[in-house]
Amino acid sequence: MYQLDDSFWSEVRLKFPAASNGVYLNTAAVGPLANPVYDSYHSHILHMNRVGDWNYTRAIENMERTREKVAALMGAEACDIGFAPNTSHAMNLLAMMFKVSGSDNSISMPDIEFPSSLYPFRYHGYQLNLSPTINGRIDCDQLIKGVDDNNRAILASHVQFSNGFRMDLDELGARAEGLGTPFIVNATQSLGSFPIDVKKSKISALTASCHKWMGAGYGLSVVYVSKETREKTKWPLMGWLSVAQEDLFSAEDVKIKEITSAIETGVTPLSNYYALGASVDLITEIGVENIATRIQTLSTQFADRLATEGFEILSFRDQESEHSKSHNSGNILIKNEDPEKAWEILNKKGIYLSPRRGGLRVSINYFNNTSDLDQLILALKELG
Ligand SMILES: Cc1ncc(COP(=O)(O)O)c(C=O)c1O
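The numbering of the sequence shown is the numbering used here, which starts it at 24 and goes up by one.
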């Protein structure tokens with residue numbers, strides 16, 4: 024239950040210097056780093072500068088602790104989690120894993136998916152069955168209609184990058200399971216801000232870039248692959264760290280690991296796990312339920328204000344106040360005739376958001392407050 028008052032959120036906001044240095048409504052593009060995240064990342068960089076990384080094992084152990092924390096955030100086990108450099112890379116891996124060679128392959132996904140979901144599957148020869156988005160709303164039935172005889176998966180973003188439509192993962196996962204088709208989720212716009220339970224939602228594979236709502240900076244994308252999926256597919260890439268016994272250093276023919284960390288073919292950016300571990304600690308400490316409720320409350324207030332002031336919202340918005348029953352998220356798309364120009368003007372005023380698909384995308388995170396939203400409304404009115 025939501026019991027945290029304004030003073031709690033004011034304290035939390037102090038952990039984000041970027042929130043005092045501008046009106047930061049741009050987490051959907053890049054999330055600012057909280058102080059504990061910066062400190063943790065910096066401690067490893069400093070260590071490498073002052074003494075080198077003679078204690079390489081320490082960094083590996085930190086990566087494994089981070090893997091456990093990330094797994095817990097989505098109801099998974101550490102063995103289900105791997106790390107890729109970005110979501111595009113992860114989607115390429117999944118496209119290769121789910122593809123049936125010597126056959127036609129198709130995938131069903133919404134027509135407004137981010138290119139990281141879309142391009143890899145097209146590149147790997149899939150027919151993309153794109154379901155139409157009507158009035159900003161993505162419909163499960165339409166996605167199911169896109170499942171044909173050559174279907175290999177249904178894919179959807181949990182939260183859409185442009186208009187913020189939030190998919191009911193439990194519903195879509197159950198429908199996919201009913202059809203016996205794998206369910207792939209792009210959680211880049213939601214992990215860290217809305218709860219995810221991979222088992223409850225029957226998710227086969229999920230990936231999420233960590234530089235947005237996870238607030239962990241650049242360089243990592245979380246990849247979840249379920250045990251069942253691992254048993255039915257083959258890892259498409261292999262490197263010296265894809266094997267269980269990585270210190271063989273020999274030409275021996277060794278087997279690839281059966282756990283998702285097999286995708287980390289070689290050394291990955293070990294400093295980044297210090298940032299990611301600290302960001303998951305912060306999210307877990309506040310509680311992802313509390314974060315979701317905070318975002319839901321602020322974004323509802325903001326959408327209501329926009330409507331009162333006569334601005335047109337291109338996002339689908341429902342009237343649910345409970346985040347668990349709603350399709351709303353912190354991403355709201357406001358219609359604008361010249362979003363690039365408006366973006367430039369707002370930028371000069373220290374108001375940060377992004378021009379996207381015919382409008383200005385505002386993304387509201389838990390460190391934002393009503394003053395941020397008031398300042399944006401005022402600036403929008405001045406734009407005319
Ligand atoms: C839904 C979604 N997926 C992926 C990305 C980023 O992809 P990548 O990690 O490949 O750069 C974005 C960035 O805007 C996004 O909104």
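We treat Cβ as the ideally placed atom computed from N, Cα and C, and that holds for glycine.
Close-in-space but distant-in-sequence residues of the same chain around residue i (CB under 8 Å, 5 per side omitted)
i: Ile318; result: Ser216, Phe217, His346, Ser352, Gly353, Ile387, Asn388 and Tyr389
i: Asp76; result: His70, Ala82 and Leu293
i: Lys122; result: Asn128, His147, Gly148, Tyr149 and Arg175
Residue i - DSSP class collapsed to helix/strand/coil
i: Ala197; result: helix
i: Phe137; result: coil
i: Lys278; result: coil
i: Glu34; result: helix
i: Val208; result: strand
i: Ser63; result: helix
i: Met120; result: helix
i: Met24; result: Confidence is the limiting factor: at Met24 the pLDDT is only 48, short of 50, which leaves the residue's position unreliable and the question unanswerable from this model.
i: Tyr142; result: helix
i: Lys408; result: With the chain covering 24 to 407 only, the question about residue 408 has no answer from this structure.
i: Gln319; result: helix
i: Pro55; result: coil
i: Pro259; result: coil
Cα-Cα separation between residue i and residue j, rounded to whole angstroms
i: Leu214; j: Met237; result: 6 Å
i: Ile309; j: Ala231; result: 20 Å
i: Ile157; j: Ser227; result: 27 Å
i: Gly300; j: Asp103; result: 17 Å
i: Tyr297; j: His112; result: 22 Å
i: Lys280; j: Arg36; result: 42 Å
i: Ser129; j: Gly187; result: 26 Å
i: Glu367; j: Ser377; result: 10 Å
i: Phe334; j: Gly159; result: 16 Å
i: Ile314; j: Phe31; result: 12 Å
i: Thr204; j: Phe339; result: 28 Å
i: Asp341; j: His350; result: 7 Å
i: Asp23; j: Asp171; result: Residue 23 lies beyond the residue range present for the chain, which begins at 24 and ends at 407; the question has no answer from this structure.
i: Ser124; j: Tyr247; result: 23 Å
Neighbourhood of residue i by C-beta distance below 7 Å, restricted to the same chain and skipping five residues each side
i: Cys163; result: Glu194, Leu195 and Arg198
i: Leu399; result: Val46, Leu48, Ile374 and Val385
i: Leu403; result: Phe334
Close Cβ partners of residue i (< 6 Å) along its chain, the five nearest in sequence each way excluded
i: Lys222; result: Gly98
i: Ala42; result: Arg36 and Phe390
i: Ser302; result: Val60, Met237, Gly238 and Ala239
i: Met24; result: Residue placement at Met24 is flagged as unreliable, the pLDDT there being 48, under the threshold of 50; a coordinate-derived value is accordingly withheld.
i: Asn173; result: Asp127, Asn128 and Ser129
Run the Cβ filter for me: residues under 6 Å from any heavy atom of ligand 1, listed in the order they occur in the chain.
Those residues, listed in chain order, are Asn109, Thr110, Ser111, Phe137, Ser139, Ser180, Phe184, Asn209, Thr211, Gln212, Ser232 and Ser244.
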